[in-house]
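Encoded as structure tokens, the structure appears first; notes follow it.
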Amino acid sequence: MEEHIGLELNGTKGYFYVSIDGKQEGKMTFVFAGNDKIIIDHTEVNPGNNGKGFGRKMMIKVVEFAREKNITIIPLCPFAKNVFDKTPEFSDVL
């Protein structure tokens, strides 16, 4: 089983995804709010993948992306907000 966490960008929108053996199993969408912020607006995983940690793995990638690009994150998605609330070490990009 090959797991991959990737990023797709399309203008002012984008998404992080989890793929297993080439099949997308989870997705976290965002939009840019100016040049220095992104808004995470939705997180989903395919049926049968709940509890596998895919959402958290995507969140880690989003935080790494934000740190690399020196931007902040606005978590409108309830899942993303919950992860930020429970993970103080991510607060530098909040």
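The sequence shown finishes on residue 94 if you use UniProt numbering, and the numbering steps up by one all the way, no holes.
Idealized CB from N, CA, C, for every residue including glycine.
Here Thr43 is bridged, per DSSP, to Met28. With respect to the 8 Å criterion, Leu76 and Ile38 are not classified as neighbours on the basis of their beta carbons.
Around Ala33, the same chain offers Ile39 as residues with beta carbons nearer than 6 Å, after the five sequence neighbours per side are excluded.
Sixteen is the threshold: since fewer than 16 other Cβ atoms of the shown chains lie within 10 Å of the Cβ of Thr72, the residue is exposed.
The distance from the Cβ of Met58 to that of Gly22 is about 17 Å, inconsistent with a contact at the 8 Å cut-off. For Met1, the number of other beta carbons within 10 angstroms of its own is below 16, and it is reported as exposed. Burial of Thr43 is indicated by the presence of at least 16 other C-beta atoms within 10 angstroms of its C-beta.
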